[in-house]
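Asker: One structure, as structure tokens, below. Some questions next.
In the numbering used here, the protein residues as written are 442 to 543.
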């Protein structure tokens with residue numbers, strides 16, 4: 442997914458699938474089936490996926506789809522209670538990742 446987002450700003454012809462506006466699609470299309478189903482519990486990976494996918498879709502021909510993706514990412518974050526502060530815990534790697542993704 443990171444390669445797909447980064448290819449949007451690349452001038453290299455190898456990032457194009459067939460047309461000029463397809464930059465990064467060959468990488469993004471490989472990740473479309475990897476995220477969690479809407480009926481499973483969310484993971485931190487799913488929120489990161491939503492952030493990167495919304496960044497990619499923003500530069501596509503249907504940027505209005507970004508709002509749905511951002512909304513889904515926010516629902517995942519709220520499901521994981523990332524919007525709540527936990528001041529009495531010791532700092533951990535997972536805790537820092539959770540703070541930074543929200």
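We put the CB at the ideal spot given by N, CA and C, even for glycine. Predicted, not measured: the structure shown is a model, and the values here were computed from it.
#1: If we count Cβ pairs, one from each stretch, closer than 8 Å, do we get three or more for the region 481 to 495 versus the region 509 to 523?
#2: Quick check: what's the CA-CA separation for residue 533 versus residue 542?
#3: Do residue 467 and residue 475 have their C-beta atoms within less than 8 Å of each other?
#4: Could you check if residue 445 is buried or exposed, using at least 16 other CB atoms within 10 Å of its CB as the buried criterion?
#5: To the nearest angstrom, how far is the alpha carbon of residue 402 from that of residue 480?
#6: Quick check: what's the CA-CA separation for residue 523 versus residue 465?
#7: Does the distance from the C-beta atom of residue 528 to that of residue 449 stay below 8 Å?
#8: Nearest to residue 535 by CA position, among 498, 442, 504, 484, is which residue?
#9: Which class does residue 453 belong to by DSSP, given the choice of helix, strand or coil?
Answerer: In short, the structure shows the following:
#1: The region 481 to 495 is in contact with the region 509 to 523.
#2: Between residue 533 and residue 542, the C-alpha separation is close to 14 Å.
#3: no
#4: buried
#5: With the chain running from 442 to 543 in the structure shown, residue 402 is simply not present.
#6: 30 Å
#7: For residue 528 and residue 449, no; Cβs fall outside 8 Å.
#8: Of 498, 442, 504, 484, the smallest CA-CA separation from residue 535 is found for 484.
#9: coil
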